[in-house]
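Have a look at the structure below before the remarks.
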Amino acid sequence: MPLNSIETNSEPILEIDGGWQDSDDENITVSLKSKNRLKKLRTTEEEDIISGDQYEKRLRNQFEKLHPTPNWAIVPSKRKRRTESEIFDGDSSDIEKIDVLNKDIDESLVKSGVNSRWKLKANKLEIYRMQDANRAAYSQCAIQSLKFHPNSQVIMTAGLDKTIRLFQVDGKKNPKIQSVIFNDLPILRAEFNPSGSEIIISGRRKYFYIYNIEAGSIDRSQGIFGTEDKTRENFLISPCGKYIVFIGSNGYLTLVSYQTKQQVANLKMNGSADAAAWSSDGKYLFSAGKDATIYQWDVGARKVVHCFADEGGYKPKKIAVSRNNDYFAIGSHSGIVNIYDDSCLSSTNPKPMKSIMNLTTSVHDMKFNHDTQILGISSHSKRDQLKMVHLPSFNVFPNWPNIANPLGYVQCFDFSPNSGYITIGNEKGKALLYRLLSYPNA
Numbered sequence: 018m019p020l021n022s023i024e025t026n027s028e029p030i031l032e033i034d035g036g037w038q039d040s041d042d043e044n045i046t047v048s049l050k051s052k053n054r055l056k057k058l059r060t061t062e063e064e065d066i067i068s069g070d071q072y073e074k075r076l077r078n079q080f081e082k083l084h085p086t087p088n089w090a091i092v093p094s095k096r097k098r099r100t101e102s103e104i105f106d107g108d109s110s111d112i113e114k115i116d117v118l119n120k121d122i123d124e125s126l127v128k129s130g131v132n133s134r135w136k137l138k139a140n141k142l143e144i145y146r147m148q149d150a151n152r153a154a155y156s157q158c159a160i161q162s163l164k165f166h167p168n169s170q171v172i173m174t175a176g177l178d179k180t181i182r183l184f185q186v187d188g189k190k191n192p193k194i195q196s197v198i199f200n201d202l203p204i205l206r207a208e209f210n211p212s213g214s215e216i217i218i219s220g221r222r223k224y225f226y227i228y229n230i231e232a233g234s235i236d237r238s239q240g241i242f243g244t245e246d247k248t249r250e251n252f253l254i255s256p257c258g259k260y261i262v263f264i265g266s267n268g269y270l271t272l273v274s275y276q277t278k279q280q281v282a283n284l285k286m287n288g289s290a291d292a293a294a295w296s297s298d299g300k301y302l303f304s305a306g307k308d309a310t311i312y313q314w315d316v317g318a319r320k321v322v323h324c325f326a327d328e329g330g331y332k333p334k335k336i337a338v339s340r341n342n343d344y345f346a347i348g349s350h351s352g353i354v355n356i357y358d359d360s361c362l363s364s365t366n367p368k369p370m371k372s373i374m375n376l377t378t379s380v381h382d383m384k385f386n387h388d389t390q391i392l393g394i395s396s397h398s399k400r401d402q403l404k405m406v407h408l409p410s411f412n413v414f415p416n417w418p419n420i421a422n423p424l425g426y427v428q429c430f431d432f433s434p435n436s437g438y439i440t441i442g443n444e445k446g447k448a449l450l451y452r453l454l455s456y457p458n459a
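Numbering (the numbering used here), first residue to last: 18 to 459.
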């Protein structure tokens with residue numbers, strides 16, 4: 018009897034109108050001769066003026082040519098129709114990446130919703146509801162883990178129904194790519210590795226699974242030698258891809274080699290181990306427990322290099338570190354989130370730059386978006402407990418979420434790699450999808 022099985026969705030998906038449509042596209046015209054980089058979008062040498070709709074389509078086509086979708090991420094019903102003609106064969110030395118091209122576009126040609134894409138306004142989050150990311154196959158229980166693929170426009174959902182599901186995200190159809198069922202593992206956490214080639218899946222078991230997306234193969238770890246923990250439900254993969262850290266009992270952080278999936282060190286805190294986060298380069302690991310002491314570990318040296326006290330001692334439950342390591346957020350059992358700058362790494366009793374008190378129940382998920390202009394914080398203990406904090410003003414966006422946009426009990430959330438989307442997993446098994454209009458790229 019196999020421990021797992023793979024189910025691939027091959028049913029055709031009916032197209033449904035997407036939620037984000039801009040009538041201004043019809044009124045915008047763009048000159049393809051006005052900028053050298055725009056000339057690459059022409060179909061003939063003489064072509065000049067095109068509509069906003071055509072301009073958007075050509076940008077998208079250019080991006081897809083430069084960044085072809087990996088074969089595993091293509092919806093099965095479309096996979097067989099993919100031909101070599103879809104692969105761009107131009108001179109790579111003569112091509113600029115699409116984001117470089119976008120930077121040279123006059124602001125007058127950009128839709129009003131994305132005028133402020135480089136600097137968000139603190140008083141309003143430009144956001145629009147899209148079709149649910151997993152509308153093609155809702156989860157049969159609360160979503161426990163929800164992640165965007167690091168390189169492709171794909172979302173993964175996972176939960177206690179023992180299934181991970183992958184969806185291609187376009188905001189309209191969001192078709193299912195495939196689902197993987199683990200018959201002996203109600204899933205509490207699933208995470209892509211940094212390259213996006215594999216998924217680590219865990220729950221309240223001594224073992225965990227490794228799913229190789231490209232090969233379609235599944236391996237089960239045989240447990241981690243030298244540890245007695247009966248659960249692997251709380252783990253983090255380092256951004257460098259070298260390590261997995263499992264948050265264990267009695268203050269232990271078990272450091273595992275990603276390559277061998279075996280223990281390389283046991284890091285011991287004085288109290289309990291309740292939360293952890295990696296620095297953006299994977300050199301340092303930060304951890305916290307009920308005594309509100311934040312540890313900074315040098316992973317290579319396997320030792321603590323600094324400790325500081327989280328102000329208030331509110332029993333930290335979550336740590337988030339920004340991409341440039343310039344902000345550190347500590348979310349507590351009481352719902353208070355303290356935000357520090359990097360001076361906390363040279364002080365034992367730092368003062369937070371801001372204490373966010375908009376949540377009244379324990380923080381369960383927290384993360385910065387890719388450019389550190391937004392910090393998302395959430396709690397699943399009460400309905401609609403998700404807040405977006407603007408940085409560097411530390412103001413909570415007042416316009417969203419609101420009573421007109423019920424979210425349910427927010428279990429988890431994630432930003433897409435370029436913050437064009439945010440997805441929210443709730444207790445009904447739905448992955449709500451929203452478009453952040455200030456970010457033109459997903």
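Cβ atoms here follow ideal geometry from the backbone N, Cα and C, with glycine treated the same way.
Item: Counted within 10 angstroms of its Cβ, other Cβ atoms place V316 as buried (16 or more) or exposed; Value: buried
Item: Pairwise C-alpha distance: F345 and A294; Value: 10 Å
Item: Residues bridged to C324 (per DSSP); Value: Y312
Item: Own chain, CB closer than 6 Å to I67, minus 5 neighbours either side, in chain order; Value: V47
Item: Beta-ladder partner(s) of F209, from DSSP; Value: I216
Item: Proximity of R182 and A159 at Cβ, strictly below 9 Å; Value: no
Item: Nearest-angstrom beta carbon gap, I218 and Y224 [assumed within contact, 8 Å]; Value: Incorrect: roughly 10 Å between the Cβ atoms, too far for contact.
Item: Spatial neighbours of K484 in its chain, beta-carbon cut-off 8 Å, leaving aside the 5 residues before and after; Value: In the structure as shown, the chain begins at 18 and stops at 459. Residue 484 is therefore absent and cannot be evaluated.
Item: Option in I241, P418, F199 and N341 with minimal Cα separation from Y299; Value: It should be noted that the sequence gives Gly, not Tyr, for residue 299. Ranking the options by Cα distance to G299, first place goes to N341.
Item: Sequence-distant residues of the same chain with beta carbon closer than 6 Å to G425, five excluded per side; Value: N443, E444 and K445
Item: Best match in L453, A448, Q428 and K447 for proximity to Y438 [C-alpha to C-alpha]; Value: L453
Item: Straight-line Cα distance separating S169 from S433; Value: 10 Å
Item: Test: K190 CB closer than 9 Å to a CB of chain B; Value: You won't find chain B in this structure, because it holds only one protein chain.
Item: E215 burial status per 10 Å Cβ neighbour count (16 or more: buried); Value: buried
Item: Closest by C-alpha distance to K141, when choosing among N416, D149 and N283; Value: N416
Item: Same chain, Cβ closer than 6 Å to D343, five either side skipped, listed in chain order; Value: D359
Item: Top-ranked residue by Cα proximity to Q402, from Y331, G393, L202 and Y451; Value: G393
Item: Where the beta strand (DSSP E) through H407 begins and ends; Value: L403 to H407
Item: For K56, three-class secondary structure by DSSP; Value: helix
Item: Environment of R400 [buried if 16+ CB atoms lie within 10 Å]; Value: exposed
Item: Separation of R249 from L272, as counted between CA atoms; Value: 12 Å
Item: Three-state secondary structure assigned by DSSP to S162; Value: strand
Item: Which of helix, strand or coil DSSP assigns to C361; Value: helix
Item: Distance, V354 Cα to T310 Cα; Value: 15 Å
Item: Member of K368, R221 and Y456 whose CA lies at the smallest distance from the CA of G330; Value: K368
Item: Those runs of the beta strand (DSSP E) which lie wholly inside the stretch 375-421 and span at least 3 residues; Value: 382-385, 391-395 and 403-407
Item: Rounded C-alpha distance that separates I33 from Y312; Value: Low per-residue confidence applies at I33: pLDDT is 28, beneath 50, and the placement is therefore not dependable enough to give any value.
Item: Collapsed DSSP secondary structure at D70 in the structure displayed; Value: helix
Item: C-alpha distance - A290 paired with V262, whole-angstrom precision; Value: 12 Å
Item: Burial state of G107 (16 or more Cβ within 10 Å); Value: With a pLDDT of only 35 at G107, under the threshold of 50, the placement of this residue in the model should not be trusted, and no figure is reported.
Item: Enclosing beta strand (DSSP E) for C257 [first to last residue]; Value: First-last for C257: undefined, no H or E at that position.
Item: 9 Å Cβ cutoff met for N283 and L270; Value: yes
Item: Within 9 Å, strictly: CB atoms of L177 and Q161; Value: yes
Item: Cα-Cα separation between N435 and N419, rounded to whole angstroms; Value: 24 Å
Item: Cβ-Cβ separation, A326 to A305 (assumed contact under 8 Å), whole Å; Value: With 8 Å as the limit, A305 and A326 do not qualify as a contact, their Cβ atoms being about 10 Å apart.
Item: Which of helix, strand or coil DSSP assigns to N283; Value: strand
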